[in-house]
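Residue numbers (mature numbering (1 follows the signal peptide of the UniProt record, and there is no 0)): -21 to -1, 1 to 357.
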């Protein structure tokens, strides 16, 4: 097991001969190498920025690289639970890895707080009292894109996503709020880099706009090939396809594209302004959605620690549920299935002082929960 970063302030302190409580141990499993590494790196960096700002000596974080492989993620989860005896797991970016890790972890009495992946299976019938999504439910940003496409009057959409749980959720979410006709619905391979065949299909589809969900390197590859193809068609996507971490690699082909997110660096609240400034100062780059989600997750854990001891599972769970922390999103609250209820925005990719970034163009949805909460019986 490779340990990329470990923050340990106190393992066990002795003051006046009395033993202090054991620290809260967090195991972060995220993608730090290979395809999609930028997503995990931003997740880690946002999380650790909040940890360092808090300076709480009772929080211990172990960070591991899942290499975007489910079997590696499961092995790391087992080792963190059994050998490191962590109390909380977090950090997984990819929904197929979350589905491999989360059910087993929560059954063992561990808390899982998701910084990103939030598949529908864990929001509805597969919900669990120890599982929280701090990010969204997978469908949410795609639902907002469907609503935006409807509002813009796009009558015939070509829609595309990778064939894995988050990709399936994305197209389901889009169609839930899109009122036009789906010209074609295409699933690509996870990790695919050559999109010549799909671009040919889009060209021949007679669609009037394109919606796609291709996070990380997949989105970079597609947008570069899309620009080379020279197809004159509006493009709509979720933030994952136009996140700050990949915009420099996409280049000017991204300018003007509309994408949906529950966070943007220009959200007007004090916590967000401080976060963006601190992240840029520490890491010399602008934060992405993944960094913002990591930051909020750490702040939520720290806030819960102030109210309850993690050894008292019921009290700590209630402290997490209450979500009393200053979120970079502004108002933050969990719905009945422990997924956020939040506003979702339409952003536009712009060039700001020579740097590609996003700005808010509109609000797509207000106080959106998710489509699966009624199926959750906790």
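For every residue, glycine included, the Cβ atom is placed at its ideal position computed from N, Cα and C.
- Residue state for residue 269 is assigned as helix, using DSSP reduced to three classes.
- Rounded to the nearest whole angstrom, the CA to CA distance from residue 317 to residue 115 is 10 Å.
- Residue 39 counts as buried, since no fewer than 16 other beta carbons sit within 10 angstroms of its beta carbon.
- Measuring C-alpha to C-alpha distances from residue 108 to each of 202, 304, 92 identifies 92 as the nearest.
- In terms of CA proximity to residue 190, 161 leads the group 161, 75, 168.
- Only residues of its own chain outside the window of five on either side were considered, and among them none has a CB closer than 7 Å to the CB of residue 301.
- Residues of the same chain with a CB within less than 7 Å of the CB of residue 79, apart from the 5 flanking positions on each side, are 49, 52, 53 in chain order.
- In the three-state reduction of the DSSP assignment, residue 17 falls in the helix class, which pools H, G and I.
- Counting the other Cβ atoms within 10 Å of the Cβ of residue 148 gives 16 or more, which makes it buried.
- It is roughly 42 Å from the alpha-carbon of residue 328 to the alpha-carbon of residue 63.
- Between residue 320 and residue 278, the C-beta spacing is not below 8 Å.
- Fewer than three Cβ pairs drawn from the region 178 to 192 and the region 232 to 247 lie within less than 8 Å of each other, which leaves the two stretches out of contact.
- Fully enclosed beta strand (DSSP E) runs of no fewer than 3 residues occupy 160 to 167, 188 to 191, 214 to 217, 237 to 240 of the region 157 to 241, in order along the chain.
- Classified as exposed, residue 176 has fewer than 16 neighbouring CB atoms from the shown chains inside 10 Å of its CB.
- Residue range 321 to 331 is occupied by the beta strand (DSSP E) that includes residue 321.
- Here residue 188 has 128, 133, 136, 212, 213, 215 as same chain residues with Cβ atoms under 7 Å from its own Cβ, once five neighbours each way along the sequence are excluded.
- Under DSSP, residue 313 shares a beta bridge with 319.
- Assignment of residue 135 by DSSP, reduced to helix, strand and coil, places it in the strand class.
- The beta carbon of residue 29 sits closer than 6 Å to those of 274, 277, 278, all from its chain and outside the five residues before and after it, given in chain order.
- Residue 144 places its beta carbon 8 Å or farther from that of residue 95.
- Taking C-beta atoms under 8 Å as the contact rule, residue 17 and residue 195 qualify, at a distance of about 7 Å.
- The alpha-carbon separation between residue 255 and residue 86 amounts to approximately 36 Å.
- A distance below 8 Å between beta-carbons, with the five flanking residues on each side excluded, links residue 340 to the following residues of its chain, in chain order: 237, 324, 325, 326, 327.
- With fewer than 16 other Cβ atoms from the protein chains shown falling within 10 Å of its own Cβ, residue 155 counts as exposed.
- When only Cα atoms are considered, residue 6 and residue 295 end up about 17 Å apart.
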